[in-house]
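Q: Residue numbers (this note's numbering): -15 to 168. Here a beta-carbon is modelled for each residue, glycine too, at the ideal position from N, C-alpha and C. Input: one structure, supplied below.
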């Protein structure tokens, strides 16, 4: 769905959509299962930067809810992840903040996105927000045993018959700590 400055100059845009899985590409490791329910509003905000400079910012407030699937970080089995979120974002025209000098940005400036050619694709906003809301590491279960590094057998379902090579004696001090440190 295209959100354009021209349309927002007439009136705010309210939307309630069911975005099909095929409409947004999240990359190879994340799959959307079913529709992504999205509801929100887009407004045009005129930012005054002096007597003659007015910047047309787009404010997008939305909520989303959907089911996704990603591989387990240890065994690669698919893991279902229900995601819900709400955002309130500001988008400015590209290059409006461009200066020839590099400078540090404030915390507030990290919440600002940019749009090009007078419009913004809602699907781009949703892709970014879904990817940002994912957990950094997904496991099928806390005690996932993972895969055998030699044959690739999933140790959660079956043990393998791979030979274990003797451990380099230089690692024995670390091996002794194994029972004393709790995994985090």
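(1) Name, in chain order, the residues that DSSP records as bridge partners for residue 106.
(2) Find out if the Cβ-Cβ distance for the pair residue 54, residue 65 is shorter than 8 Å.
(3) Specify, as a first and last residue, the run of the alpha helix (DSSP H) that residue 160 falls within.
(4) Between which residues of its own chain and residue 80 is the CB-CB distance below 6 Å, once the five residues before and five after are set aside?
(5) Using the beta-carbon count (16 or more within 10 Å), is residue 157 buried or exposed?
(6) If you draw a straight line from the alpha carbon of residue 75 to that of residue 59, how long is it in whole angstroms?
(7) Just the Cα atoms here: how many angstroms apart are residue 137 and residue 57?
(8) Tell me where the beta strand (DSSP E) around residue 54 begins and ends.
(9) The alpha helix (DSSP H) spanning residue 19 covers which residue range?
(10) Can you pull the DSSP bridge partners for residue 2?
(11) Please state whether DSSP places residue 7 in a helix, a strand or coil.
(12) Check whether the Cβ atoms of residue 2 and residue 21 sit closer than 8 Å, and answer yes or no.
(13) Would the beta-carbon of residue 144 fall within 8 Å of that of residue 135?
(14) When we look at the beta-carbon of residue 9 and count the other beta-carbons within 10 Å, is it buried (16 or more) or exposed?
(15) Round the Cβ separation of residue -11 and residue 13 to the nearest angstrom and send it over; I've been treating them as touching at under 8 Å.
(16) Decide if residue 110 is buried, meaning its Cβ has at least 16 other Cβ atoms within 10 Å, or exposed.
(17) Between the alpha carbons of residue 49 and residue 68, how many angstroms are there, rounded?
(18) Using alpha carbons as the reference points, say which of 140, 120, 16, 154 lies closest to residue 129.
A: On the basis of the data shown:
(1) Answer by DSSP bridge pairing: none, since residue 106 is not bridged.
(2) yes
(3) 156 to 161
(4) 39
(5) exposed
(6) 39 Å
(7) 15 Å
(8) 38 to 55
(9) Residue 19 -> not in any alpha helix (DSSP H); beta strand (DSSP E) instead, spanning 15 to 32.
(10) 21
(11) helix
(12) yes
(13) yes
(14) exposed
(15) Contact doesn't hold; Cβ gap of about 34 Å is too wide.
(16) buried
(17) 4 Å
(18) 140
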